[in-house]
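Colleague:
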Amino acid sequence: MKTITKLIAILSLTFTSIAFAKPTIELYKSPSCGCCVEWADIMEDKGYKVNVHHKRDWSSVKKKFGMPNQLNSCHTAVVDGYMVEGHVPEKDIARLLSERPTDISGLTAPGMPQHSPGMAAPGQRYKDFNVIAFDENGNLSLYSKY
Amino acid sequence: MKILLFCSLFFSINFAYADSKTLFEQGEHLFRTAGGYGCSTCHGMFAQGGGNVGGDVRGKGIDKLNSALEKESTMLLLSNALNLEQRELLASYLIELGKIPSVEWIIDDKVTLSNASIKQGSLSQLVLVNKTLETIKVALPFVAQASFIEIKPYETKAVQWMPKEGSIELVYKQSVLAIEIN
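Chain order of the listed sequences is A and B.
For the first sequence, the working numbering gives the first residue as 346, with consecutive numbering after it.
For the second sequence, the working numbering gives the first residue as 4, with consecutive numbering after it.
#1: Beta carbon of G30/B, beta carbon of S375/A: below 8 Å?
#2: Buried or exposed: which applies to R61/B, given that a residue is buried once 16 or more other Cβ atoms fall within 10 Å of its Cβ?
#3: If we ignore side chains and look at the alpha-carbon of each, how far apart do G56/B and G456/A end up?
#4: In chain B, what lies closer than 9 Å to K400/A by C-beta?
#5: So with CB distances below 9 Å, who are the chain B contacts of Q469/A?
#6: By Cβ distance below 7 Å, which residues in the same chain neighbour Y157/B in space, the five residues on each side in sequence not counted?
#7: In this structure, how does DSSP classify K407/A when only helix, strand and coil are distinguished?
#8: Whole angstroms is fine: what's the gap from A366/A's alpha carbon to K122/B's?
#9: Please check if any C-beta of chain A sits within less than 8 Å of the C-beta of G62/B.
#10: Give me the chain B residues within the contact set of N396/A, using Cβ-Cβ distance strictly less than 9 Å, ordered along the chain.
#11: In three-state terms, what does DSSP make of G38/B?
#12: Would you mind telling me which residues of chain B sit closer than 8 Å to S487/A, beta carbon to beta carbon, in chain order?
#13: Where do the N-terminal and C-terminal ends of the beta strand (DSSP E) with V420/A fall, by residue?
#14: Q51/B: buried (16+ other C-beta within 10 angstroms of its C-beta) or exposed?
#15: Between which two residues does the beta strand (DSSP E) carrying A119/B extend?
Have a look at this one:
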């Protein structure tokens, strides 16, 4: 009986951790970018595994997601089928992965906002930038505002 | 003889212009591609800032660039990607840009009133950044001859113009830029 109870406990723990495990982030960045590493560290602290791919040009990775070029930042992440460009806060990524919207292909924090994750000083409040959603046809909508 | 002199002067001026234009264009290309993402990601498309963390670097020379590459944490890794020749090219591009007085107008979807001043009588640049989610058409009376300039979402465009004494007010919906020209 004890063995069965232990087995059930182990199995439920395993299934729970699988159900709540955060997906792996595939991060494409230039080897010369330092702030991308800061952003990756924040994501790892939040429980994501981050695989870093150093590239000079990763435009082919981005192409299918439809983000207009002028919304570029310094790095691109692909996570669970969505593209995340630049210094997008983890809170928005968690919401994206929880809601799994079918009408957008990704999120971007265009440019290099001073008070965004990876750019702001540790503990500083995120402010003065927008997170924008885009679809495969390049249509844009406001996802969140800081 | 006079014709020969004129021709040699004409061609030397034009070749000199072509050379400097090429260097400027090379510098601009490097500014927008260095490291794979470009200096423009942090400093704006025309080195004017654009509300990004790096700010305005127009007019900065080689000493400022080298110092930033050695001391600024976000630029340390980039220092390995830029050789001396590329640094010189970037610095000369920024110096040339610095000779063109500029005013930046960030158009957002909120109510903004920005003030700027610029000197009259020298070729200047108005840099417009569209931070709305729509393509906008902005009228630029006293700045551009075209009736409006079209800017895509999060796109940056620059317009060259010769400011004349006085003051002008540029308006797009709730965004206003007042320029004092002295």
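All residues carry an ideal CB built from backbone N, CA and C; glycine is no exception.
None of these values were measured; they are calculated from a predicted model.
Modeller: Per the coordinate set shown:
#1: Within the second sequence, the letter at position 27 stands for residue 30/B. Within the first sequence, the letter at position 30 stands for residue 375/A. No, they are not a contact pair.
#2: Counted from its first residue, the second sequence places residue 61/B at position 58. Buried, since its Cβ has 16 or more Cβ neighbours within 10 Å.
#3: Position 53 of the second sequence holds residue 56/B. Position 111 of the first sequence holds residue 456/A. Checking the sequence shown, residue 56/B turns out to be Val, not Gly. Computed Cα separation, rounded: 9 Å.
#4: The residue given as residue 400/A occupies position 55 in the first sequence. Under a criterion of Cβ atoms nearer than 9 Å, the residues of chain B adjacent to K400/A are, in order, G39.
#5: Translated into the one-based positions of the first sequence, residue 469/A becomes position 124. Correct list: empty, because the minimum Cβ distance to chain B is about 12 Å.
#6: If you number the second sequence from 1, residue 157/B lands on position 154. Excluding sequence neighbours, Y157/B sits near N133, K134.
#7: Indexing the first sequence from 1 puts residue 407/A at position 62. Here DSSP, grouped into helix, strand and coil, assigns K407/A to helix.
#8: As a position in the first sequence, residue 366/A is number 21, starting the count at 1. As a position in the second sequence, residue 122/B is number 119, starting the count at 1. When rounded, the distance between both Cα atoms is 59 Å.
#9: Here the question's residue 62/B lines up with position 59 in the second sequence. It does not: the Cβ of G62/B has no partner Cβ on chain A nearer than 8 Å.
#10: The sequence position of residue 396/A within the first sequence is 51, counting from 1. Those do not exist, as N396/A stays about 18 Å from chain B at its closest Cβ, beyond 9 Å.
#11: Numbered from its first residue, the second sequence carries residue 38/B at position 35. Residue state, collapsed to three classes: helix.
#12: Position 142 of the first sequence, counting from 1, holds the residue named residue 487/A. The amino acid at residue 487/A is misidentified as Ser; the sequence shows Leu. Within 8 Å Cβ-Cβ: L136.
#13: For the purposes of this step, residue 420/A is taken as the residue at position 75 of the first sequence. Per the sequence presented here, residue 420/A reads as His, with Val not at that position. That run of the beta strand (DSSP E) goes 420 to 424.
#14: Position 48 of the second sequence, counting from 1, holds the residue named residue 51/B. It is buried - the Cβ of Q51/B has at least 16 other Cβ atoms within 10 Å.
#15: Numbered from its first residue, the second sequence carries residue 119/B at position 116. Where A119/B is concerned, the enclosing beta strand (DSSP E) stretches over 115 to 121.
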